[in-house]
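**Student:** Read in the working numbering, the sequence shown has 144 at position 144, and its numbers run on one by one without any break. The beta carbon of each residue, even a glycine, is placed where N, CA and C say it ideally should be.
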Amino acid sequence: MKVIDLTHTISEDMPVYPGTDLPKLEVANTYEESGFKETLLTIFSHTGTHMDAPSHIFEYRTTLDAFPVEQFIGKGLVIDCSDLGEGQRITMKQIEAVKEKANQAEFLLFYTGWDKHWGTDSYFGDYPAITEEVADYLILTKKKGVGLDVIGIDPISDGNLTIHHKLFAETEIVVIENLTRLGEIGNELFTFYAMPLKYENADGAPIRAVAVLNE
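1. From the DSSP output, in three-state form, read off residue 145 for me.
2. Tell me, which residues are paired with residue 214 by DSSP?
3. Runs of 4 residues minimum, wholly inside the segment 87-119: which ones carry the alpha helix (DSSP H) assignment?
4. State the beta-bridge partners of residue 208 as determined by DSSP.
5. If you draw a straight line from the alpha carbon of residue 206 to that of residue 97, how long is it in whole angstroms?
6. Taking the alpha-carbon of residue 100 as reference, which of 69, 27, 1 and 188 has the nearest alpha-carbon?
7. Kindly indicate which three-state DSSP category residue 37 falls into: helix, strand or coil?
8. Can you tell me where the beta strand (DSSP E) holding residue 177 begins and where it ends?
9. Let me make sure I understand the geometry here. Which of 55, 32, 132 and 42 has the alpha-carbon closest to that of residue 26?
10. Which whole-angstrom value describes the C-beta separation of residue 48 and residue 8, a residue pair presumed to lie in contact below a C-beta threshold of 8 angstroms?
11. Under 8 angstroms, with one C-beta from each stretch per pair, do the segment 82-93 and the segment 184-199 reach the 3-pair mark?
12. Out of 46, 29 and 145, point me to the one whose CA is closest to residue 23's CA.
13. Among 4, 16, 12 and 1, which has the Cα closest to the Cα of residue 125?
14. Mind reading off the beta-carbon distance from residue 195 to residue 137? Whole number of angstroms is fine, and I expect it under 8 angstroms.
15. Taking only the alpha-carbon atoms, compute the straight-line gap between residue 31 and residue 40 and give it to the nearest angstrom.
16. I think residue 180 touches residue 154, with their Cβ atoms under 8 angstroms apart; what is that distance to the nearest whole Å?
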């Protein structure tokens with residue numbers, strides 16, 4: 001068994017979506033004064049490697065805390081899209097190449113390699129994003145979730161969040177953004193864990209994403 005952590009570390013200087021405040025990690029209690037260390041975290045719900053719920057877009061749709069925990073565990077498949085350049089889109093061509101495995105998977109994770117830009121201005125550039133036909137496939141096959149190693153499932157230029165709206169209007173899917181190390185998983189099915197912080201009425205939450213490979 002091999003375990004791969006697919007999660008970026010939360011820090012005060014990490015990339016965040018434009019318009020979002022940076023996290024704050026303030027030492028609230030110290031060893032010297034209190035005999036223990038405690039940290040006050042101030043963080044937006046869609047920071048770092050995180051998960052979007054349907055309620056992120058639609059007021060009366062499902063929140064993360066309302067999902068059964070089984071929603072966050074399942075068979076994953078990484079689809080290699082690392083040959084795509086800036087401004088190119090992920091289409092059904094990439095899925096058709098691995099269609100049999102893609103149909104079996106409960107989570108599709110698209111590896112673009114864009115995480116190499118993490119911590120730079122380039123991370124907010126014109127990264128590869130999925131097309132509406134890919135969103136249609138995710139809906140048709142009733143996937144539990146979809147994930148990417150970029151800052152958003154929609155292009156950074158799409159202020160209407162078209163793909164978010166399409167997915168969340170029609171299915172109980174979760175969207176995972178800012179994954180990393182997807183290129184280390186390979187092209188076989190594996191067990192995927194994406195466990196969100198459980199808080200009331202969660203529209204989104206940071207997650208610890210992990211791939212467990214049976215070798």
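**Tutor:** In this structure, then:
1. strand
2. Partner(s): none; residue 214 has no beta bridge.
3. 92-96 and 99-104
4. 195
5. 31 angstroms
6. 188
7. coil
8. 174-177
9. 42
10. 5 angstroms
11. no
12. 46
13. 16
14. Their Cβ separation, rounded to whole angstroms, is 26 angstroms, which puts residue 195 and residue 137 out of contact at 8 angstroms.
15. 15 angstroms
16. Residue 180 to residue 154, Cβ: 19 angstroms. No contact.
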